[in-house]
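Participant: Here it is, the structure in full.
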Amino acid sequence: MCCLKPVPKPGSVKIDPKTHTLKREETELALNPYDRYALEAAVSLAEETDGKVVAVSMAPPNAKNILLDAYAFGADELVLLSDRAFAGADTLATSYTLACAARKLGPFDLIVCGKVSVDGETAQVGPELAAWLGIPSVTWVKSLKPQNGSLELVRVREFGEEVIRAKMPLLVTIENEANIPRPPSIRRLLKRDEVEIKVLSAEDIGAEPAYLGLSGSPTQVVDVFAPEYKGKRELISGPAEEVVDKMISILKERGLI
86 MCCLKPVPKP
96 GSVKIDPKTH
106 TLKREETELA
116 LNPYDRYALE
126 AAVSLAEETD
136 GKVVAVSMAP
146 PNAKNILLDA
156 YAFGADELVL
166 LSDRAFAGAD
176 TLATSYTLAC
186 AARKLGPFDL
196 IVCGKVSVDG
206 ETAQVGPELA
216 AWLGIPSVTW
226 VKSLKPQNGS
236 LELVRVREFG
246 EEVIRAKMPL
256 LVTIENEANI
266 PRPPSIRRLL
276 KRDEVEIKVL
286 SAEDIGAEPA
296 YLGLSGSPTQ
306 VVDVFAPEYK
316 GKRELISGPA
326 EEVVDKMISI
336 LKERGLI
């Protein structure tokens, strides 16, 4: 199982002024860049062990293209967790939802996540997901090799690298130096329209409403707003020496130099 997060494309972010959360349904989404390395690690391992990769994403319906991209990169099955009850989830509520889905879709040997998402930068969902499932987790993994029913992992640390052997089931988060993600398969791109995406609701995965979305999030954003730019612009033209002198004069007037 490989967890994929759609993140907002720069410039497309819209904020709900009442809930102070992203309007993900109205936001153009892209696959979290770090999840590309996780997906490549999962697909490569599946090819080596004759396994399969189930790509799972908790997102609004407009994230289906992200999962279709995952199919083009090698995923075998696609699952979208989509329900209004999931809206506003923090990392704990998100990891709980993914854990319910993992139990529903299981059994599994390995769950693979990107090391972090570019829109949150918490690096919490992977380890929290493992905690909900009661399985070990290893973070910051740069390589993984199957070894007689277990995995030999190389983990990046502040002081160097650490080699770990871990039994499955297991969760790992993948470093961006772990691999070079493959390009999409032309054959799979041509079959995108035929690929089934399994859409699961909160009820489908047996999730408790109290643990979902805003109500299940112990951490909540107090305020989110789009910045307003009120600064004035002044165009300075002329010979280079005059422009420089003018700029220095303006900076002195404003106490900046």
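Numbering (this note's numbering), first residue to last: 86 to 342. All C-beta atoms, glycine included, are put in the ideal place defined by N, C-alpha and C.
Applying the 10 Å Cβ sphere with the 16-neighbour rule, what's the burial state of V201?
Facilitator: Along the sequence shown, one-based indexing puts residue 201 at 116. When all chains shown are included, V201 counts as buried.
Participant: Tell me the start and end of each unbroken beta strand (DSSP E) in the region 91-167 that is at least 3 residues and wholly inside, in chain order.
Facilitator: 91-93, 114-116, 139-143, 162-166
Participant: Please report how far the alpha carbon of P254 lies from the alpha carbon of E260, in whole angstroms.
Facilitator: Position 169 of the sequence shown, counted from the first residue, corresponds to residue 254. Position 175 of the sequence shown, counted from the first residue, corresponds to residue 260. Each residue's alpha carbon lies about 20 Å from the other.
Participant: Residues in its own chain within less than 7 Å of G211 by CB, not counting five upstream and five downstream?
Facilitator: Residue numbering aside, residue 211 sits at position 126 when the sequence shown is read from its first letter. In the same chain as G211, and ignoring 5 residues on each side of it, the C-beta atoms closer than 7 Å to its own belong to C198, S222, T224, L256, T258, in chain order.
Participant: Taking all protein chains shown into account, do 16 or more other C-beta atoms lie within 10 angstroms of the C-beta of M332, making it buried, or fewer, making it exposed?
Facilitator: By 1-based counting over the sequence shown, the position of residue 332 is 247. It counts as exposed.
Participant: Can you give the beta carbon distance from K230 to V241, rounded, assuming they're within the 8 Å contact cut?
Facilitator: Locating residue 230 in the sequence shown gives position 145, where the first residue counts as 1. Locating residue 241 in the sequence shown gives position 156, where the first residue counts as 1. Contact flag wrong, Cβ pair sits at about 16 Å.
Participant: With 16 as the cutoff for other CB atoms within 10 Å, does R318 come out buried or exposed?
Facilitator: On the sequence shown, position 233 is the one that residue 318 refers to. Classification for R318: exposed.
Participant: Leaving out five residues on either side along the sequence, give the residues of the same chain with a beta carbon under 6 Å from the beta carbon of K252.
Facilitator: Looking up residue 252 in the sequence shown gives position 167. These residues qualify, in order along the chain: S235.
Participant: Can you give me the Cβ contacts of P118 inside the same chain, cut-off strictly under 7 Å, excluding the 5 residues immediately before and after it?
Facilitator: Within the sequence shown, residue 118 is the residue found at index 33, counting from 1. Within the same chain, P118 has close Cβ partners V203.
Participant: Assuming L163 contacts A155 (C-beta within less than 8 Å), just tell me the rounded distance between them.
Facilitator: Within the sequence shown, numbered from 1, the residue matching residue 163 stands at position 78. Within the sequence shown, numbered from 1, the residue matching residue 155 stands at position 70. 7 Å between Cβ atoms; contact.
Participant: For R339 and E327, what's the separation of their Cα atoms in angstroms?
Facilitator: Translated into the one-based positions of the sequence shown, residue 339 becomes position 254. Translated into the one-based positions of the sequence shown, residue 327 becomes position 242. So the alpha carbons of these two residues sit roughly 19 Å apart.
Participant: Which residue from K315, V306, S334, G316 puts its Cα closest to that of P102?
Facilitator: Against the sequence shown, residue 102 aligns to sequence position 17. That would be V306, whose Cα lies nearest to the Cα of P102.
Participant: Going by DSSP, what residues sit across from Q232 in a beta bridge?
Facilitator: Looking up residue 232 in the sequence shown gives position 147. Within the DSSP bridge table, the entry for Q232 names S235 as partners.
Participant: With E293 as the anchor, note down where its alpha helix (DSSP H) starts and where it stops.
Facilitator: One-based indexing of the sequence shown puts residue 293 at position 208. Neither: E293 is in no alpha helix (DSSP H) and is coded neither H nor E.
Participant: In angstroms, rounded to a whole number, what distance separates the CA positions of T176 and S286?
Facilitator: Against the sequence shown, residue 176 aligns to sequence position 91. Against the sequence shown, residue 286 aligns to sequence position 201. Cα-Cα distance, rounded: 18 Å.
Participant: Identify whether S302 lies in helix, strand or coil by the three-state DSSP scheme.
Facilitator: Position 217 of the sequence shown, counting from 1, holds the residue named residue 302. In this structure, S302 counts as coil in the three-state DSSP scheme.
Participant: Can you check whether the CB of N264 is closer than 9 Å to the CB of S167?
Facilitator: Here the question's residue 167 lines up with position 82 in the sequence shown. Here the question's residue 264 lines up with position 179 in the sequence shown. Not a contact, by the Cβ cut-off of 9 Å.
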